[in-house]
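What follows is a single structure, written as structure tokens, with notes after it.
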Amino acid sequence: MKKILVACGTGMATSTMISEKIKGILEEKGIDCVINQCILSEIASNASNVDLIVTSMRVDEEYNAPVLLGTAFLTGINEEEATEKLLEILS
1 MKKILVACGT
11 GMATSTMISE
21 KIKGILEEKG
31 IDCVINQCIL
41 SEIASNASNV
51 DLIVTSMRVD
61 EEYNAPVLLG
71 TAFLTGINEE
81 EATEKLLEIL
91 S
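Residue numbering for the sequence shown follows the UniProt record's numbering, beginning at 1 and increasing consecutively.
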């Protein structure tokens, strides 16, 4: 089971939309996952033991997991490329 952390400015609407999109993509590919949400400033305290961190904006910090910019899952712009990266990281 893959563990994903999705972070946005408030940990509410944007991260929920990104989470739902990612969940749908992974379900379609048969990949089980657990997705947790938080605000950007809480990434460090929530990032232990996750396979991937997806953010709504660029972050400069480095974590123990890969970070993927998730705006493509909101806008649809470059979504195919973001989906390929998502699947590459989690496979």
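In this text, a Cβ means the ideal position worked out from N, Cα and C, and glycines have one as well.
Non-local beta-carbon contacts of D32 in its own chain, meaning distances under 8 Å to residues more than five positions away in sequence, involve M1, K2 and L26 in chain order. In the structure shown, the three-state DSSP call for I77 is coil. Per DSSP, the beta bridge partners of T55 are A7 and L69. Take the alpha-carbon of V67 and the one of K29: they are about 21 Å apart. Of all alpha-carbon atoms in E88, I89 and E79, the one lying nearest the alpha-carbon of K21 is that of E79. In this structure, the CA atom of T10 is about 11 Å from the CA atom of T55. Judged by beta-carbon spacing, L90 lies beyond the 7 Å limit of V50, meaning their Cβ atoms are not closer than that value. Secondary structure of I39 (DSSP, three-state): strand. The beta-carbon distance between I18 and L86, rounded to whole angstroms, is 11 Å. This is too long to meet the 8 Å contact definition.
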